Amino acid sequence: MLGYRGNETWRDMSEYLVHLTEEQSVTSILSTRALKGGGPFGAARNLTDRIGSQQAVCLSEIPLDRLDRLVERRGSYGLGFRKDWIQERDGAPVWYLRKGTAAATAFSELVRKFLIGDIDHENKGEIWKLTRFVDNPSADYNYDFDWEREWRVPDDLALDPGKVMFLIAPEVAHTNINAAWWSYIESYPVPPVLDLAWDLARLQEFLRMHQL
383 MLGYRGNETW RDMSEYLVHL TEEQSVTSIL STRALKGGGP FGAARNLTDR
433 IGSQQAVCLS EIPLDRLDRL VERRGSYGLG FRKDWIQERD GAPVWYLRKG
483 TAAATAFSEL VRKFLIGDID HENKGEIWKL TRFVDNPSAD YNYDFDWERE
533 WRVPDDLALD PGKVMFLIAP EVAHTNINAA WWSYIESYPV PPVLDLAWDL
583 ARLQEFLRMH QL
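Start counting the sequence shown at 383; every next residue gets the next number (our numbering).
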């Protein structure tokens with residue numbers, strides 16, 4: 383159901399996280415049975431030669447009937463997952479700290495001290511698990527990432543059996559995306575396919591019909 387934790391009226395929240403992309407990327411995703419991490423991302427993205435991977439898979443928690451702007455930016459194809467399953471895979475919301483703010487300055491200084499060894503702690507390497515979830519956009523940048531309500535999952539995200547709750551594609555392409563799934567992931571049942579251009583009533587009916 384659209385809504386959150388059984389509350390249909392909580393329309394600003396969602397049980398699902400979606401990864402949106404273009405048509406040509408879906409075949410690659412299905413053929414590898416995984417969403418491959420992009421990037422590097424985050425506050426330490428320029429330090430990967432010293433600290434290791436800062437790649438991640440990007441998702442959004444925008445409710446399904448309110449994704450039109452993100453569709454325009456990212457694409458009308460994709461996959462949907464339950465938020466609780468993504469959390470089990472160490473997924474988390476992205477934290478945007480505007481450059482020049484006290485919070486951004488404090489975090490940057492913390493990263494610097496960990497990098498040069500000024501902080502003596504047996505688990506000091508743990509901060510690099512956090513940095514890919516923290517970005518420092520400039521206040522002068524003409525795009526506000528906050529509205530994307532972005533989550534990230536470290537590195538890659540395997541398409542485990544039964545964990546893709548639905549596929550996303552324009553309705554005219556539903557037959558093709560079903561065929562692509564069977565071509566590459568024939569041992570898993572095909573998830574239901576929805577079109578984000580559907581209106582609220584149709585999306586709700588789709589979720590009811592598939593007990594989502």
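For glycine and all other residues, C-beta sits at the position ideal for the given N, C-alpha and C. Fair warning: this is a prediction, and the values are worked out from it, not measured in the lab.
Residue environment analysis places Asp517 among the buried positions, since at least 16 neighbouring C-beta atoms fall within 10 angstroms of its C-beta. Going by beta carbons, Ile559 and Leu461 fall outside the 8 angstroms limit. When DSSP assignments are scanned along the segment 441-480, the uninterrupted stretches of alpha helix (DSSP H) that are 4 or more residues long and fall wholly within it turn out to be 450-456, 465-470. Under the DSSP assignment, Leu429 falls outside any alpha helix (DSSP H); it carries neither an H nor an E label. A residue is called buried once 16 or more other Cβ atoms fall within 10 Å of its Cβ, and Gly473 is buried on that count. Counting C-beta atoms within 10 angstroms of its own C-beta, Val575 has 16 or more neighbours from the protein chains shown and is therefore classed as buried. Collapsing the DSSP output to three states places Arg415 in coil. Residue environment: Arg455 is assigned as exposed (fewer than 16 neighbouring CB atoms within 10 Å of its CB, all protein chains considered).
Ala438 sits in a strand when the DSSP states are folded into three classes. Fewer than three beta-carbon pairs drawn from the segment 532-550 and the segment 479-487 are found closer than 8 angstroms, and the two stretches are therefore not classed as touching. For Trp510, the number of other beta carbons within 10 angstroms of its own is at least 16, and it is reported as buried.
Contact between Pro519 and Arg480 holds: their C-beta atoms lie close to 6 angstroms from each other, under 8 angstroms.
The C-alpha of Leu585 lies about 8 angstroms from the C-alpha of Leu578.
In this structure, DSSP gives Leu497 a helical state, which the three-state scheme calls helix. Beta-bridge partners of Arg534 (DSSP): Cys440, Ala474.
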